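Just below is one structure, and these are the notes that go with it.
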Amino acid sequence: MFNKQYNNIVGKICVRLLHIKKRKRKVFIVLSGAQGSGKTTLTKNLKDMLSKSHKVLSLSIDDFYLSKKDRKILSDKSSQLFKTRGVPGTHNIKNIEKVIKLFKSGKKANLSIPLFSKAKDDIEKKRKNLLKFPCDFLLLEGWCNGYRGEINKSLNKPINVLEKRLDKSGIWRKNVNIFSKIYYLKIFKKADFSIFLKVPSFNKVFYWRKKQEMQIPKKYRMSSIRIKEFISYYERVTKNLLKNYQKIFNCYIIINAKHNFVKLKELK
-15 MFNKQYNNIV GKICVRLLHI KKRKRKVFIV LSGAQGSGKT TLTKNLKDML
35 SKSHKVLSLS IDDFYLSKKD RKILSDKSSQ LFKTRGVPGT HNIKNIEKVI
85 KLFKSGKKAN LSIPLFSKAK DDIEKKRKNL LKFPCDFLLL EGWCNGYRGE
135 INKSLNKPIN VLEKRLDKSG IWRKNVNIFS KIYYLKIFKK ADFSIFLKVP
185 SFNKVFYWRK KQEMQIPKKY RMSSIRIKEF ISYYERVTKN LLKNYQKIFN
235 CYIIINAKHN FVKLKELK
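Residue numbers (my numbering): -15 to 252.
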């Protein structure tokens, strides 16, 4: 992934962001892309480069997952599929709004938010994530960022085994659709710039997600079968973004089958 072309792309994005900073006091950037596409790494590299001259806060939508208890409450009200973290509806949207509002205000303040452990699939009981403001740039990466939901008619037909067997009524995907529209309005619409990482196809997500899993302690890792089941929760949203990204984002990065960044395309 890290080659001359990758570094050139990161550099070009930073130039664009610094240009935006000249006319905006605070710049909120949203990054989106399928699981394993390289969002977290790109966010880190952008932060490192921008931090040379500005204060930067970078976060992932994964930092805002609901606790197991709260996901259980949500699942009891709607669908048992909401027990599994990931889809719109399983995040603490109010905390994300607090972060964006505080960032935009430019006020000096500290904000403490729950720290989520992916290994434990739950919020840490004693540890917190302390965010310090003010800062110049806010980077928020997330696999579902920019998803605007679908028309209700398209939700009627299941697209995979998970939806066919465990969401026969369609209540889960319909609720995910509703939450997605809320996310779009309360998060994405407030962004000053948006970036999409375009993977070759959804099929690549499994292999790249499996690679990510190897970075987690062995006792917490998911099996290949579990990974396939896990990413099927993300399939509908991911495929929709891969189809419509050119209508949504300011720019996109083409990623090839070898996981290399090959080209940056600006849209608006």
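By construction, the Cβ of each residue, glycine as well, lies at the ideal position given by its N, Cα and C atoms. Note that this is a predicted model, so its numbers are computed, not measured.
Collapsed DSSP secondary structure at residue i in the structure displayed
i, result
"K91", "coil"
"G(-5)", "helix"
"Y167", "helix"
"D60", "helix"
"K116", "strand"
"E81", "helix"
"F180", "strand"
"E134", "coil"
"I4", "helix"
"I209", "helix"
"Y49", "strand"
"F186", "coil"
"Y217", "coil"
"D151", "coil"
"I162", "helix"
Close Cβ partners of residue i (< 8 Å) along its chain, the five nearest in sequence each way excluded
i, result
"K39", "P118, C119, D120, F121"
"I166", "P72, I77"
"K148", "P142"
"L1", "V11, I13, L30, L34, F121, F177"
Cut-off 7 Å between Cβ atoms - residues of its own chain near residue i, not counting five sequence neighbours on either side
i, result
"I215", "Q19, V189, F190, R193"
"A93", "L86, F117"
"L150", "L65"
"G70", "Y217, Y218"
"Y49", "R69, T74, H75, F100"
"L139", "G154, R157, K158, N161"
"E81", "K170"
"R55", "F66, K67, R69, T74"
Given residue i as reference, the closest of the options once Cα atoms are compared
i, options, result
"E219", "R9, I238, I143, F12", "I143"
"I179", "K5, L251, K137", "L251"
"S21", "S208, K212, I209, K195", "K195"
"L43", "V145, W127, I162, K249", "W127"
"S185", "K152, I239, N(-13), I97", "I239"
"G(-5)", "K36, K6, S208, L99", "K36"
"L124", "Y(-10), L225, N79", "N79"
"L26", "I(-3), L114, N161", "I(-3)"
"I232", "S16, N(-9), I4, N(-13)", "S16"
"L115", "S138, N136, K91, L248", "K91"
"L146", "K61, K104, I45, I209", "I209"
"L41", "S63, F172, F163, K88", "K88"
"L226", "N187, K247, K212", "N187"
"D105", "D46, N228, N136", "D46"
"S164", "A241, N224, L95", "N224"
"K152", "N228, K5, S63", "S63"
"N113", "Y(-10), K249, L95", "L95"
"I84", "F245, F172, D60, Y236", "F172"
Sheet register partners of residue i (DSSP bridge)
i, result
"I97", "N113"
"I143", "Partner(s): none; I143 has no beta bridge."
"L124", "V14, L43"
"E250", "C235"
"Y229", "BP columns for Y229 are empty, so no partner."
"D106", "S101"
"H75", "Y49"
"F245", "I239"
Cβ neighbours of residue i in the same chain (closer than 6 Å, five flanking residues each side left out)
i, result
"V183", "A18, S21, I239"
"P98", "I107"
"K247", "I238"
Residue i CB to nearest heavy atom of the ligand SAH below 7 Å
i, result
"T68", "The ligand SAH is absent from the structure shown, which contains no ligand whatsoever."
Contact the segment 153 to 162 vs the segment 200 to 211: 3+ CB pairs below 8 Å: no
When you compare the segment 131 to 141 with the segment 99 to 112, are there three or more beta-carbon pairs, one atom per stretch, that lie closer than 8 Å? no
Three or more C-beta pairs under 8 Å: does that hold for the segment 4 to 15 against the segment 169 to 185? yes
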